[in-house]
Every structure is written in structure tokens, then in C-alpha cells.
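Engineer: Just so you know, the sequence shown maps onto residues 67 to 555 in the working numbering. Beta carbons are placed, not taken as given, at the ideal position from N, Cα and C, and that holds for glycine.
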Amino acid sequence: MLFVLFSLSVAKVSSQRYRLHNPLGLIMMPILTKHHQHIKRITELNRLLSEGVVENVSNKKELNFDNFKDVFKKKKFSELVRAVFIFRLCSIEWLLTHSGKIIFQGEKLLGRNLWNQVLKLTLYGQFVAGDNRSQIERTVNTLRSAGIGSLLGVPMEEDADNFQSDRSQWYEKNVEAILNSINLAYELDHNYPMVHVKGTALMPSKLIAKISKLIPEPSENEEIIKHIAECIRNGNKVQIKGLDTGELEELQNGLEKLRKIGETAFEKKVIFMFDAELTYVNAGLNLFSLALMLNYNTQLPLVFFTYQSYLKNSPVNLAKDITFTNVHGVKFGAKIVRGAYMDQERNRAIRKGYPDPIHDTYEDTSLQYQSNVEAMLKQIKKRPKNYRIFIATHNEEGVRKSIAKLDELGIDRVGGEVFFGQIYGMGDHITYALGKAELLVYKALPYGPVMETLLYLVRRMHENKSILDGARRERILIQLALKSRIFFI
Ligand SMILES: Cc1cc2nc3c(=O)[nH]c(=O)nc-3n(C[C@H](O)[C@H](O)[C@H](O)COP(=O)(O)OP(=O)(O)OC[C@H]3O[C@@H](n4cnc5c(N)ncnc54)[C@H](O)[C@@H]3O)c2cc1C
67 MLFVLFSLSV AKVSSQRYRL HNPLGLIMMP ILTKHHQHIK RITELNRLLS EGVVENVSNK
127 KELNFDNFKD VFKKKKFSEL VRAVFIFRLC SIEWLLTHSG KIIFQGEKLL GRNLWNQVLK
187 LTLYGQFVAG DNRSQIERTV NTLRSAGIGS LLGVPMEEDA DNFQSDRSQW YEKNVEAILN
247 SINLAYELDH NYPMVHVKGT ALMPSKLIAK ISKLIPEPSE NEEIIKHIAE CIRNGNKVQI
307 KGLDTGELEE LQNGLEKLRK IGETAFEKKV IFMFDAELTY VNAGLNLFSL ALMLNYNTQL
367 PLVFFTYQSY LKNSPVNLAK DITFTNVHGV KFGAKIVRGA YMDQERNRAI RKGYPDPIHD
427 TYEDTSLQYQ SNVEAMLKQI KKRPKNYRIF IATHNEEGVR KSIAKLDELG IDRVGGEVFF
487 GQIYGMGDHI TYALGKAELL VYKALPYGPV METLLYLVRR MHENKSILDG ARRERILIQL
547 ALKSRIFFI
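1) Is it the case that the Cβ atoms of residue 514 and residue 220 are separated by a distance below 7 Å?
2) Using only the heavy atoms of ligand 1, determine whether one of them is closer than 6 Å to the beta carbon of residue 348.
3) Terminal residues of the continuous alpha helix (DSSP H) containing residue 464?
4) Closer than 7 Å by C-beta to residue 472: which residues in its own chain qualify, once you throw out the five before and the five after it? Chain order, please.
5) Rounded to the nearest angstrom, how far is the Cβ of residue 354 from that of residue 400, given a contact under 8 Å?
6) What number of angstroms, rounded off, separates the C-alpha of residue 422 from the C-alpha of residue 380?
7) Could you tell me the alpha carbon to alpha carbon distance between residue 327 and residue 509, rounded to whole angstroms?
8) Along the chain, where does the beta strand (DSSP E) containing residue 218 start, and where does it finish?
9) Would you mind reading off the limits of the beta strand (DSSP E) that contains residue 260?
10) Between 307, 127, 286, 465, which lies nearest to residue 389 when the distance is taken from Cα to Cα?
11) Would you check if the distance between the CB atom of residue 216 and the CB atom of residue 209 is smaller than 7 Å?
12) Kindly examine ligand 1 and report whether one of its heavy atoms sits closer than 6 Å to the Cβ of residue 154.
13) Could you check what DSSP says for residue 526 in three-state terms: helix, strand or coil?
14) Alpha carbons only, please: which of 129, 139, 501 is nearest the one belonging to residue 548?
15) Can you find a heavy atom of ligand 1 that lies under 6 Å from the Cβ of residue 460?
16) Only counting the same chain, and skipping five residues up and downstream in sequence, which positions put a Cβ closer than 7 Å to that of residue 205?
17) Can you check the stretch 383-417 for any beta strand (DSSP E) of at least 3 residues that lies completely inside it and give the ranges in chain order?
18) Apart from the five residues just before and just after residue 302, which ones in its own chain have a Cβ nearer than 6 Å to its Cβ?
19) Would you mind working out which of 391, 455, 323, 307 sits nearest residue 288, comparing C-alpha positions?
20) Could you spell out the range, first to last residue, of the alpha helix (DSSP H) harbouring residue 488?
21) Which two residues bound the contiguous alpha helix (DSSP H) that contains residue 349?
22) Relative to the C-alpha of residue 517, which candidate in 134, 141, 174, 157 has its C-alpha closest?
23) Look at the alpha carbon of residue 152 and the alpha carbon of residue 360, and state the distance between them as a whole number of angstroms.
24) Check this for me: beta carbons of residue 402 and residue 411, under 7 Å apart or not?
25) Is the beta carbon of residue 596 sitting closer than 7 Å to the one on residue 373?
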């Protein structure tokens with residue numbers, strides 16, 4: 067009798083959302099609920115749900131960042147130990163201050179081979195997928211088995227304030243590496259292959275900085291964007307007032323590289339994201355990305371630009387770019403981040419005597435972040451096929467709020483317009499929980515030889531410090547996961 071009553075009530079509570087897929091669940095539930103009220107039955111059902119006895123079959127799966135057993139299930143014990151070790155290192159102020167020196171001096175002290183091994187077991191292993199195809203493929207497959215995609219990228223860090231004279235070979239090498247990463251993404255991901263690149267790895271920062279000064283509001287310079295787009299497409303001679311012959315030649319070479327990249331990404335339908343960098347080059351990068359959008363976002367939003375929400379002018383720039391692409395009948399992609407260069411930006415503003423471009427407080431940046439995400443989601447709601455957003459953050463609250471907005475607007479979670487992402491080696495509790503909840507989530511996955519990723523590793527250490535509470539919480543969850551494995555609890 068009790069069994070029948072309980073089964074009926076559970077069926078009522080769960081008719082739309084749950085499906086029993088373990089007969090044990092059917093046997094256990096009536097016993098467990100013998101003297102319980104309706105509300106307690108729901109609590110119990112949630113417990114069974116989290117234990118996998120009952121499966122949630124609605125298209126809105128539960129999102130749980132705290133379930134450390136589940137979240138780190140796919141991680142080896144040694145990987146968890148390494149993560150705790152690295153996060154601890156990243157919290158030591160002295161080490162962070164000298165991390166660059168230590169990483170570069172390590173080679174001199176230990177010799178290249180030994181130092182490579184040390185890094186592979188520690189920092190490199192934590193933040194980089196590997197340096198050969200089989201290692202990268204293994205990482206991509208492991209992530210895929212947890213429902214996580216890979217946003218491929220080859221670290222190409224240039225010390226932006228240290229302009230060197232002839233870097234042409236480095237740019238050539240970089241364009242080849244980017245083309246390879248587009249091909250690799252195409253081969254390894256059959257749903258939404260994607261790569262991200264730094265524009266300053268393709269032509270001199272000094273040139274991009276000058277273009278940014280000449281054209282500080284790219285989307286308001288329609289004719290120039292069209293001209294650049296045409297030069298990329300047809301190899302026409304580029305003309306920008308204010309650039310000398312040498313600079314125009316450098317730009318022509320850079321546009322030729324963008325053509326190769328744009329055409330390959332277009333042909334293979336690979337999403338291609340331009341990273342945002344320091345403000346003194348961002349306008350130039352924005353100009354190139356809009357020109358690429360005119361050429362290659364005709365059918366799908368493949369070319370993305372990145373909007374740093376810590377910048378006071380980010381909502382205006384985002385709105386202008388949306389309008390620009392709309393007016394020109396092409397699609398638009400945006401990666402929304404908080405911004406990675408806060409200290410450099412602030413120091414530069416003081417040094418050069420211009421107003422600080424960054425929001426005054428973290429809270430202001432966060433409000434801006436959510437409002438930029440919301441602005442994009444509203445566009446997606448209106449015309450889903452025209453827009454894509456990549457919500458890049460290690461912030462749990464930011465992820466939750468974005469998902470709540472997504473659901474409130476009734477946007478399909480897996481429609482292929484909204485992607486979430488964290489950096490490989492960071493925010494795993496968020497990425498794996500999103501993967502489990504079956505949202506479209508990606509790891510920004512760098513790969514390449516150890517010695518070519520050193521600057522990238524230094525940046526990762528600093529970024530771990532800058533993600534405030536996120537890294538600390540992740541460390542605590544990993545420690546709990548380790549304890550539960552050691553003590554079988
Ligand atoms: C997939 C991916 C791609 C990325 N691509 C880029 C990119 O192209 N360009 C780029 O610049 N960054 C990029 N980032 C890094 C990003 O901008 C952030 O630096 C990083 O993600 C930390 O922010 P958070 O939202 O994850 O964490 P949180 O801990 O929530 O935020 C930390 C961030 O808040 C901001 N902040 C902190 N203190 C203050 C303060 N006092 N006042 C104002 N703002 C403050 C800073 O931006 C800081 O980085 C990327 C991140 C990811 C995950």
C-alpha cells in the first residue's frame with residue numbers, strides 16, 4: 067500500500083522532470099519515505115538524483131559546483147595533488163613577483179632537459195596540454211569524455227613593451243602554427259571546433275598601436291573597415307593615412323596572414339576568436355576582427371572579438387560592433403571576459419598621464435560583465451542564428467547568473483549560440499560541473515614546446531592570483547576530493 071502511494075506521489079512530483087533508471091530506486095524509496103511528508107520526499111529524490119539512482123531527464127540538468135567527487139571523477143590522484151601544489155605556489159606573493167626570473171633562470175641552473183622535466187611535472191603539466199599530437203589528442207579526448215570541448219591556442223606571448231626590430235620570422239612561424247591549430251581543431255572536434263589567437267603574434271605591436279591611435283573607434287570608420295576587408299580578401303594595396311611606407315608594407319604582410327587564417331577557418335567552419343590585449347593595441351585588433359567578420363561571418367558567426375568588461379568603454383564598444391555587423395548583414399561573435407591586464411593598464415595610465423580605463427572596483431567590473439553577457443543574450447534571443455557568445459570566466463556566480471538569464475530568456479542551452487569556457491588547469495570544478503550539466507563548455511587549451519610556453523606559464527601564475535576567491539575555493543574542493551579518495555569516504 068505504502069509502495070503504491072509513494073510511487074504515485076513521486077510520479078506526480080516527477081512526472082515532468084525525472085525518470086527512474088535504477089530498479090533499486092523503486093525498492094528503496096517506499097521504505098525510506100515510510101513516515102515522511104511530501105517535502106521530505108522531494109529532498110530524498112534530490113539525494114537520489116545526485117547519487118545517480120534517479121536521472122534528471124529534463125533538458126535543464128542540475129548544476130552543482132560543490133559535488134567534488136563527481137566534478138573531479140575524471141582526474142587522476144596525481145593530477146589533484148599537482149593542482150593543490152600549484153595553487154599553493156600561486157598564492158605565495160614572493161614567488162609570484164619573481165616567477166618570471168625563476169622560470170627563465172631554472173634552465174641555466176638545471177640544464178634544459180632536466181628543467182623541462184621539472185616543468186612538465188609541475189607548471190607546464192598543469193596548464194599546457196602537451197607538445198605533440200598524441201598528447202594533445204589524449205587531453206582533448208579526456209575532456210570530451212567529461213562533456214568538455216577544447217578551444218585550441220598556441221601560446222604566443224610577446225613582451226608588448228619590448229618592441230624588437232625584426233620579428234618577421236616569428237610572425238611567419240606563428241601563422242603556420244595558427245593554421246595548424248585550425249586544422250587540428252577541425253579534426254578533433256566535430257561539433258564546434260574553435261581556436262583563439264593573439265593579433266600581436268601576427269604583426270608588430272608597434273604597428274597595431276599606431277593604427278589604434280589613428281583609428282580609436284573602429285566601428286565608426288566604416289570605409290576603413292571595408293577597405294581592410296577588401297585588402298584581406300583580394301590582396302589590394304592597403305592605404306591608411308598616417309602610416310609610412312614601411313608600416314604599410316608590414317600591414318600588407320599582416321593582412322595576407324589574416325587572409326590565410328580567415329579562409330582556412332571559413333572553409334572548415336572553425337570558430338576563430340581574437341583575444342583582447344592591452345588597450346593601446348585593442349582598437350587595431352578590433353578593426354581587423356570587424357574586417358574579418360565582413361569577409362567570413364556571412365553564413366555563421368565564426369570570427370569573434372573579445373570584450374574586456376573591466377574597461378569602462380566595453381558596453382559602448384560591444385553595442386557599436388553589434389550595430390555595425392547588423393547594418394552590414396553579417397553575423398557576430400563575442401567572447402566576454404573580465405580582463406587580464408589590470409595592473410599593466412593602471413600603471414600605464416599613471417605613467418602616461420591619462421585616465422584609468424578600468425572600472426574603479428571589482429564589483430563594478432562584475433556588474434559590467436553580467437550586463438555585457440545580458441546584452442549579447444538578448445541579441446541571441448532576437449536572432450539566434452546571427453550571434454554567438456563565449457562566456458569566459460572562472461567565477462561561479464557569473465556562470466550561475468548567465469545561465470539564469472539564458473533560461474529566463476528561453477534560449478536553448480545547447481543550441482550552439484552560447485558557450486562557456488575556462489582556462490585549462492583553472493576552474494576545473496566549474497568546467498566539469500558545466501560538462502556534467504550538459505551545457506556547451508570549453509577549456510582554453512594551450513599546447514606547444516615547454517620553452518615556448520614560459521611567458522604563458524608566468525601569466526597563468528599571476529592570473530591564478532587575480533581570480534580572487536575562485537582559485538581558493540577550487541583548492542579546497544580538490545583537497546576534499548583527495549581526502550575522500552585517501553579515506554574511502
Ligand atoms: C577562456 C578564456 C579566455 C580569455 N581570454 C582573454 C582575452 O582574450 N583577453 C583578456 O584580457 N583576458 C582573457 N581572459 C582572462 C580574463 O579576462 C580574466 O583575467 C580571468 O578570467 C579572471 O577573471 P574571472 O572572471 O575568471 O575571475 P574573477 O575572480 O571573478 O575576476 C577577476 C578579475 O576581475 C577584475 N578585477 C579584479 N579586481 C578588480 C578591481 N579592483 N577593479 C576592477 N576590476 C577588478 C580583473 O579583470 C580580474 O582579472 C580569458 C579567460 C578565459 C577563461
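Structural biologist: Working from what's here:
1) Locating residue 514 in the sequence shown gives position 448, counting from the first residue. Locating residue 220 in the sequence shown gives position 154, counting from the first residue. Yes. Within cutoff.
2) Within the sequence shown, numbered from 1, the residue matching residue 348 stands at position 282. Within 6 Å of the C-beta of residue 348 there is not a single heavy atom belonging to ligand 1.
3) For the purposes of this step, residue 464 is identified with residue 398 of the sequence shown, where counting begins at 1. For residue 464, the uninterrupted alpha helix (DSSP H) run begins and ends at 462-474, by DSSP.
4) Position 406 of the sequence shown, counted from the first residue, corresponds to residue 472. The residues are 443, 479, 484.
5) Taking the sequence shown and counting its residues from 1, the one referred to as residue 354 is at position 288. Taking the sequence shown and counting its residues from 1, the one referred to as residue 400 is at position 334. Not really, about 15 Å apart at Cβ, beyond 8 Å.
6) For the purposes of this step, residue 422 is taken as the residue at position 356 of the sequence shown. For the purposes of this step, residue 380 is taken as the residue at position 314 of the sequence shown. Approximately 14 Å between the Cα atoms of the pair.
7) If you number the sequence shown from 1, residue 327 lands on position 261. If you number the sequence shown from 1, residue 509 lands on position 443. Each residue's alpha carbon lies about 22 Å from the other.
8) As a working mapping, residue 218 is identified with position 152 in the sequence shown. From DSSP, the beta strand (DSSP E) with residue 218 extends over 214-219.
9) Translated into the one-based positions of the sequence shown, residue 260 becomes position 194. Looking at the DSSP string, the run of the beta strand (DSSP E) that includes residue 260 is 260-263.
10) Residue 389 sits at position 323 when you count from the first residue of the sequence shown. Among 307, 127, 286, 465, the Cα nearest to that of residue 389 is on 286.
11) Residue numbering aside, residue 216 sits at position 150 when the sequence shown is read from its first letter. Residue numbering aside, residue 209 sits at position 143 when the sequence shown is read from its first letter. Yes. Within cutoff.
12) The count along the sequence shown starts at 1 and reaches residue 154 at position 88. No, the beta carbon of residue 154 sits no closer than 6 Å to any heavy atom of ligand 1.
13) In the sequence shown, the residue the question calls residue 526 occupies position 460. Helix.
14) As a first step, residue 548 must be located in the sequence shown, where it is residue number 482. Of the candidates 129, 139, 501, the one whose C-alpha sits nearest the C-alpha of residue 548 is 139.
15) On the sequence shown, position 394 is the one that residue 460 refers to. Yes, the beta carbon of residue 460 sits closer than 6 Å to at least one heavy atom of ligand 1.
16) Your numbering for residue 205 matches position 139 in the sequence shown. These residues qualify, in order along the chain: 195, 196, 511.
17) Residue ranges of uninterrupted beta strand (DSSP E) with 3 or more members, entirely inside the stretch 383-417 and ordered along the chain, are 398-403.
18) The count along the sequence shown starts at 1 and reaches residue 302 at position 236. Cβ within range, chain order: 296.
19) As a working mapping, residue 288 is identified with position 222 in the sequence shown. Nearest of 391, 455, 323, 307 to residue 288, Cα basis: 391.
20) Mapped onto the sequence shown, residue 488 falls at position 422. Taken as a continuous stretch (DSSP letters only), residue 488 belongs to no alpha helix (DSSP H), being part of the beta strand (DSSP E) at 484-489.
21) Against the sequence shown, residue 349 aligns to sequence position 283. Element bounds for residue 349: 345-362.
22) As a first step, residue 517 must be located in the sequence shown, where it is residue number 451. The residue with the shortest Cα to Cα distance from residue 517 is 174.
23) Counting from one through the sequence shown, the residue named residue 152 turns up at place 86. Counting from one through the sequence shown, the residue named residue 360 turns up at place 294. If you draw a straight line from the Cα of residue 152 to the Cα of residue 360, it comes to about 43 Å.
24) As a first step, residue 402 is located in the sequence shown; it is residue number 336 there, counting from the start. As a first step, residue 411 is located in the sequence shown; it is residue number 345 there, counting from the start. Between residue 402 and residue 411, the CB-CB gap reaches or exceeds 7 Å.
25) The requested residue 596 is not part of the displayed model; the chain covers only 67 to 555.
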